[in-house]
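What follows is a single structure, written as structure tokens, with notes after it.
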Amino acid sequence: DGGITQSPKYLFRKEGQNVTLSCEQNLNHDAMYWYRQDPGQGLRLIYYSQIVNDFQKGDIAEGYSVSREKKESFPLTVTSAQKNPTAFYLCASMAGGSRMNTEAFFGQGTRLTVV
Amino acid sequence: GEDVEQSLFLSVREGDSSVINCTYTDSSSTYLYWYKQEPGAGLQLLTYIFSNMDMKQDQRLTVLLNKKDKHLSLRIADTQTGDSAIYFCAERYSSNTGKLIFGQGTTLQVKP
């Protein structure tokens, strides 16, 4: 079945560590997005990519990094520079950012906790 | 600036109608969306409305858009306990990035 898969579902990070969250899609979508969700704050955009080998910062990119070497993969690294990384992270994909009548498909999320 | 506002909580009895409200600030928004999130899960698209429409109905769901007041609402008829979830409204701009701006989410509690 086509879809978007995030792994792991739960992730624990020690202070000072970098961790990488995986996002894979087999929908042949051009655009992919990373959002962060905190209680009572909705979703905020971290990074997005509209095409392979290109990506842009979203509203809260500090302390995060991404790569887009393959169309189907958009991993997010939470670096030690991110001071408050505990949150629920959601990855999404869309057929094409410039096409207006398209739906964003979301993964099931990764809950990251700093221990 | 870009901003989407929702009330945080709504409680209804099973069988009643639920109305979840949302306000947005960007008059150039093209599409407005309603997503549903169940505990510990991702977001599921419920419905969307194009900015030149006033109303859209899809089975138990009715979306109303008041462009003058920049107000969007989602009505769920005959609310069931399975409708208990967080509901997000989101707006998409006329830009070509596909970027969505989300509200804070409204937690809908359905009492039996």
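Chains as they are written, first to last, in this note's numbering: chain Z, 1 to 115; chain G, 1 to 112. Glycine is no exception: its CB is placed at the ideal position from the N, C-alpha and C atoms. None of the values given here were measured: they were computed from a predicted structure.
Contact set for E5(G): own chain, Cβ-Cβ below 8 Å, skip 5 residues either direction: C22, T23, Y24, G103 and Q104
Is Y64(Z) closer than 8 Å to Q82(Z) when the C-beta atoms are compared? yes
Once DSSP output is grouped into helix, strand and coil, what is the label at T113(Z)? strand
Any Cβ of chain G within less than 8 Å of the Cβ of Y48(Z)? yes
Taking C-beta pairs closer than 9 Å, name the residues in chain G that E15(Z) reaches, listed in chain order. Those do not exist, as E15(Z) stays about 25 Å from chain G at its closest Cβ, beyond 9 Å.
Anyone know if the C-beta pair for W34(G) and V12(G) falls short of 8 Å? no
C-alpha distance - D78(G) paired with S84(G), whole-angstrom precision: 12 Å
Between the Cα of S80(Z) and the Cα atoms of G40(Z), M32(Z) and E62(Z), which residue gives the shortest distance? E62(Z)
Along the segment 77 to 90 of chain Z, where does the CB come closer than 9 Å to a CB of chain G? Name the residues. F88 and L90
Using DSSP with H/G/I as helix, E/B as strand and the rest coil, what is T20(Z)? strand
Examine chain G for any beta-carbon lying closer than 8 Å to the beta-carbon of G107(Z), and answer yes or no. yes
Here's the rule: buried if 16 or more other CB atoms are within 10 angstroms of the residue's CB, otherwise exposed. What is P39(G)? exposed
State the beta-bridge partners of N66(G) as determined by DSSP. H71(G)
Please list, in chain order, the residues of the segment 14 to 43 of chain G that have any C-beta partner in chain Z closer than 9 Å. T30, Y31, Y33, Y35, Q37, G40, A41, G42 and L43
How far does the beta strand (DSSP E) with F55(Z) in it extend, from its first residue to its last? D54 to K57
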